[in-house]
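Participant: Below you'll find the structure I mean.
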Amino acid sequence: MATKRPSKYIKTSVRVDYAPDVCKDYKETGFCTFGDSCKFLHDRGDYKHGWEIDNDCNSKGEKESDDKYVINEEDEKDSLPTECPICEKKFNNPIVTNCQHFFCQSCAITNFRKSKKCFVCGENTNGVFKNATKLLEAKVEKKNSDSEDDFGDYDNE
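Here full-length UniProt numbering is used: position 132 in the sequence shown is 132, and no number is missing along the way.
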């Protein structure tokens, strides 16, 4: 491919106005007495000065913290489902697929007979269903924490 050379006959010049002069009359009233011969920009938009933009950026940076991207243990516990997406009831013998979706054992097997794919995402399960130990541990832990909360106030006396 040959390199492109600029045209001999056409000259291009570009001027960028970084500080546009806005017509004061047009900005305030929406009407300019000079009409089309006015040398100023006819714009009624609001502009911010550089220091105002900097203040806005700094104030937003202080309000938002990086903690919103950190996954807490509490969020992880809440991320575990509480009911089967097929029967929409609480889990009965929960199992987990390779794609990390939880189902009741009976629901997963009946769904697998109809289709070899996951009910939620449609990924092929290859017939692999594992016991949902994470979900079971979370249930046991929740029961233990509930019972500790009932008696926790009396330990300090």
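Positions of the beta carbon are idealized from the N, C-alpha and C atoms, including for glycine.
Just so we're clear, the structure is a prediction, and the values are computed from it rather than from any experiment.
Looking only at DSSP bridge pairs, what is residue 160 linked to?
Facilitator: Since the first and last residues shown for the chain are 1 and 157, residue 160 lies out of range.
Participant: Can you list the alpha helix (DSSP H) stretches of 4 or more residues lying completely in the UniProt domain "C3H1-type" (17 to 45), in chain order?
Facilitator: If we require 4 residues or more, the alpha helix (DSSP H) runs fully inside the UniProt domain "C3H1-type" (17 to 45) come out as 24 to 29.
Participant: Quick one: residues in its chain with C-beta nearer than 8 Å to the C-beta of ILE109, no 5 flanking neighbours on either side, listed in chain order?
Facilitator: Taken in chain order, the residues that qualify are PHE129.
Participant: Would you mind stating whether PHE103 and CYS84 have Cβ atoms separated by less than 8 Å?
Facilitator: Yes, the Cβ-Cβ distance between PHE103 and CYS84 is below 8 Å.
Participant: Can you name the start and end residues of the beta strand (DSSP E) that CYS118 belongs to?
Facilitator: CYS118 -> no beta strand (DSSP E), and no H or E assigned at all.
Participant: Could you give the DSSP three-state label for GLU157: helix, strand or coil?
Facilitator: Unreliable placement is indicated for GLU157, whose pLDDT of 43 sits below 50; the coordinate value is still reported in the next sentence. DSSP places GLU157 in coil when its eight states are reduced to three.
Participant: Would you check if the region 11 to 18 and the region 27 to 40 touch, i.e. whether three or more CB-CB distances between them fall below 8 Å?
Facilitator: These segments do not touch.
Participant: Taking the beta strand (DSSP E) that CYS99 belongs to, which residues open and close that run?
Facilitator: Where CYS99 is concerned, there is no enclosing beta strand (DSSP E), given that its DSSP letter is neither H nor E.
Participant: Quick check on the burial criterion: 16 or more other C-beta atoms within 10 angstroms. Buried or exposed for CYS57?
Facilitator: It counts as exposed.
Participant: Does DSSP classify ASN55 as helix, strand or coil?
Facilitator: Residue state, collapsed to three classes: helix.
Participant: For a test of the three-state rule: what should DSSP assign to ASN111, helix, strand or coil?
Facilitator: In this structure, ASN111 counts as helix in the three-state DSSP scheme.
Participant: Are the CB atoms of CYS32 and ASP25 within a distance shorter than 8 Å?
Facilitator: Going by C-beta atoms, ASP25 is nearer than 8 Å to CYS32.
Participant: If you count every other CB in all the chains shown that lies within 10 Å of the CB of ILE10, and 16 or more means buried, which is it?
Facilitator: ILE10 comes out exposed.
Participant: Note down the Cα distance separating LYS114 from SER59, rounded to an integer number of angstroms.
Facilitator: Using only the alpha carbons, I get a separation of about 56 Å.
Participant: Does LYS130 come out as helix, strand or coil in the three-state DSSP assignment?
Facilitator: Strand.
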